[in-house]
Structures are given as structure tokens and as C-alpha cells.
Amino acid sequence: MYGEAYENHMRGRSSSWSLRFTSGEFEEIVKILRREYGQDRLSQFLLSPIEELQAFLGTCTTDQFLDCVEIYCLHVSTDEDLTDERKEEYIREINHRFREVGLGYEFLGQHVVRIDAQALHAEVLKPTMALLSAENNFAGAEQEMQTAFENYRASDNKGAVAEALKAFESVMKSICAKRNWAHSPNDTASKLLGVCFVNNLIPTYLQSHFTGLRTVLESGVPTVRNKTSGHGQGSTIQPLEDHFVSYVLYTALANIKLLIDCDKALP
Numbered sequence: 001m002y003g004e005a006y007e008n009h010m011r012g013r014s015s016s017w018s019l020r021f022t023s024g025e026f027e028e029i030v031k032i033l034r035r036e037y038g039q040d041r042l043s044q045f046l047l048s049p050i051e052e053l054q055a056f057l058g059t060c061t062t063d064q065f066l067d068c069v070e071i072y073c074l075h076v077s078t079d080e081d082l083t084d085e086r087k088e089e090y091i092r093e094i095n096h097r098f099r100e101v102g103l104g105y106e107f108l109g110q111h112v113v114r115i116d117a118q119a120l121h122a123e124v125l126k127p128t129m130a131l132l133s134a135e136n137n138f139a140g141a142e143q144e145m146q147t148a149f150e151n152y153r154a155s156d157n158k159g160a161v162a163e164a165l166k167a168f169e170s171v172m173k174s175i176c177a178k179r180n181w182a183h184s185p186n187d188t189a190s191k192l193l194g195v196c197f198v199n200n201l202i203p204t205y206l207q208s209h210f211t212g213l214r215t216v217l218e219s220g221v222p223t224v225r226n227k228t229s230g231h232g233q234g235s236t237i238q239p240l241e242d243h244f245v246s247y248v249l250y251t252a253l254a255n256i257k258l259l260i261d262c263d264k265a266l267p
């Protein structure tokens with residue numbers, strides 16, 4: 001992908017259709033990666049920036065490779081010379097290649113995120129992140145959710161759970177603030193949910209239908225967080241397995257989507 005972009009630059013192909021990386025841009029990318037990994041050079045050989053990057057891609061770890069893909073996608077998405085249609089095609093191709101080789105990752109927003117189930121990803125993650133990015137008052141929650149998935153990708157499972165709860169709480173605080181519902185910035189998830197239910201964020205006529213919804217919302221994410229990442233773990237290390245964290249992240253996303261959808265429906 002990087003090689004093609006450099007060849008397009010050297011051949012002078014139409015910039016509105018073909019992605020092009022200049023020698024200076026490759027040099028900047030290499031500098032970013034060197035700084036990120038605390039290395040003077042990415043390769044032991046004295047090479048040009050493009051050759052150094054290509055050599056690095058042949059020997060790097062999976063996480064380092066994903067970093068390179070993320071930088072590439074960020075360049076594509078911010079390239080002012082490319083048409084929006086062409087940007088989307090480049091990103092689609094990257095995500096298609098991820099799926100083709102069985103890598104559970106996708107470039108979404110401004111990050112490469114880990115995905116564990118394509119259906120959940122399509123029906124929950126994408127629409128929820130779109131809802132968060134659509135309104136400025138959810139910017140904090142959007143960043144926290146992105147950080148949760150970054151932590152998950154980096155195998156910081158407890159950090160992922162903690163950030164998911166922050167996003168969950170931030171959405172409720174934003175809704176309460178927008179509607180001038182009495183609450184404290186320091187309220188816990190349980191208290192914030194109480195405010196939302198008292199003010200009929202979930203309509204009264206649906207509350208009986210959603211028997212146990214409040215329990216699910218209160219216990220699904222906050223309790224997991226409280227029992228894992230929110231307190232000391234004592235003298236023994238308490239591992240938090242990937243499948244459990246995946247459940248927490250998608251539960252948080254589903255809860256967030258429900259709350260935002262209900263807020264939109266409320267007069």
C-alpha cells in the first residue's frame with residue numbers, strides 16, 4: 001500500500017484519483033514510528049525512508065503493523081487532493097483485506113479497532129460511534145469509547161473496561177445536562193440511570209415491557225467495572241479475559257445507543 005502510493009507520486013498520476021506519498025511524507029512517517037518505539041532507526045541498514053519503512057513492515061510485530069496501517073489510513077482520510085469517493089475506496093480496500101486474511105480489525109473513525117463479531121460490529125459499534133460523533137456534546141464519550149477499543153487492542157483489558165464505563169456515564173451526563181435534569185458531575189452510573197428513569201428517558205409505557213432493563217443497564221457495565229478495574233486487586237493478579245471484555249464493550253455500546261435513541265425520541 002505504501003509502495004503503490006510512492007509509485008503514484010513518482011509517476012505523477014492524477015492526484016484527485018490516486019493516493020500519493022512524497023519522499024518527505026515517508027520521512028515524516030518513519031520519524032513518527034521511530035519516536036513511538038524509541039528507536040533511532042526502524043532497520044539496521046542505512047536506507048531511504050521508503051526502504052526503511054518497507055524493511056520494517058517485513059519484520060514488525062502485529063501491533064506495529066497495525067500502527068502502520070492506522071497512519072496510512074489517517075493520511076488517506078485527510079488527503080485534501082483525493083476525492084471523498086476515492087478516500088472511501090481506499091479505506092474499504094484496507095478493511096476488506098483485514099477480513100480477507102481473517103484479521104479481526106477495521107479502520108473506523110481515526111483508529112484501527114478490534115472487532116470480534118462482524119454482526120455486532122455492523123449493528124452496534126458503527127451506528128453507535130456515528131451517533132456519538134454527530135453531536136459535539138458527546139465528544140467526550142466518543143473519545144473514551146475510542147480509548148476503550150485502543151486499550152482492548154493493546155491487551156489492556158482493565159483499561160478498556162474502565163474507559164467503557166466512562167463513556168457510558170458521559171453519555172448520561174450529557175443528556176442530563178442538555179435537558180437540565182438535576183444531577184451531580186460526580187454521580188455514579190447507578191445514580192445517573194436513576195435520573196434518566198425518573199425523567200422518563202425510557203417512556204413509562206415501555207418501562208413495564210423492559211422489565212429488568214434498569215438492572216441490565218446498572219449491572220451490565222458498571223458492576224463488571226467495579227469488580228475488575230475499579231478497585232485494588234489484592235495480592236493476586238486478577239486476569240480479565242478477552243471474551244469478557246468484548247462483552248463489556250459491546251454491552252456499553254448497545255446501552256449508549258439505546259440512551260441516545262431514547263433521548264432523540266423524547267420531546
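The opening residue of the sequence shown carries number 1 in the UniProt record's numbering; numbering runs sequentially from there.
Don't be surprised by glycine CBs; every beta carbon is placed ideally from N, CA and C.
Quantities reported herein were computed from a predicted structural model and do not represent experimental measurements.
Residue interval of the alpha helix (DSSP H) (run including residue i)
i	result
His183	Unbroken run through His183: none, as it is neither H nor E.
Leu132	126-134
Val248	242-265
Val195	189-198
Val30	23-37
Arg153	139-153
Gln64	62-78
Val161	157-178
Phe56	49-57
Extent of the continuous beta strand (DSSP E) run through residue i
i	result
Phe107	105-108
Arg114	111-114
Beta-carbon contacts of residue i that lie in its chain and below 7 Å, excluding the five residues immediately before and after
i	result
Thr211	Low confidence applies here, because Thr211 scores a pLDDT of 46, under 50, leaving its location unreliable and the question unanswered by this model.
Ala167	Ala141, Glu144, Met145, Ala148, Ala252, Ile256
Ile237	Note that Ile237 has pLDDT 46, beneath the 50 cutoff, so the model's placement of it is unreliable and no number is given.
Gly234	Low per-residue confidence applies at Gly234: pLDDT is 46, beneath 50, and the placement is therefore not dependable, though the value from the model is reported in the following sentence. There are no such residues.
Thr128	Leu253, Ile256, Lys257
Ile29	Leu53, Ile71
Gln110	Leu74
residue 270	Beyond the ends of the chain as shown, which are 1 and 267, falls residue 270; an answer cannot be given.
Beta-carbon gap between residue i and residue j smaller than 9 Å
i	j	result
Leu258	Asn200	no
Leu53	Phe65	no
Leu108	Val171	no
Asn151	Leu240	no
Ile91	Cys73	yes
Asp63	Ala134	no
Asp263	Arg179	yes
Beta-carbon proximity list for residue i, same chain, < 8 Å, skipping 5 on both sides
i	result
Thr204	none
Pro185	Lys173
Asn95	Glu106, Phe107
Lys87	Val76, Ser77, Asp79
Val55	According to the sequence displayed, residue 55 carries Ala and not Val. Closer than 8 Å at the Cβ level, and outside the excluded window around Ala55, lie Leu42, Ser43, Phe45, Leu47.
Lys126	Leu108
Lys191	His183, Ser184
Same chain only: Cβ atoms within 6 Å of residue i, ignoring 5 sequence neighbours per side
i	result
Ser174	Asn137, Phe138
Glu70	Val112
Cys176	His183, Val195
Gln39	none
Presumed contact (8 Å Cβ cut-off) between residue i and residue j, rounded CB distance
i	j	result
Ala254	Val112	In fact, because the Cβ distance is near 22 Å, the residues do not count as touching under 8 Å.
Glu169	Ala189	5 Å
Arg35	Leu42	11 Å between Cβ atoms; not a contact.
Within-9 Å CB hit, residue i to chain C
i	result
Leu47	Among the chains in the structure shown there is no chain C, since it carries only a single protein chain.
(Q) Three Cβ pairs or more, each shorter than 8 Å: is that satisfied between the region 73-90 and the region 45-53? (A) no
Q) Can at least three beta-carbon pairs, one atom from the region 244-257 and one from the region 151-168, be found at a separation below 8 Å? A) Yes: at least three Cβ pairs fall under 8 Å.
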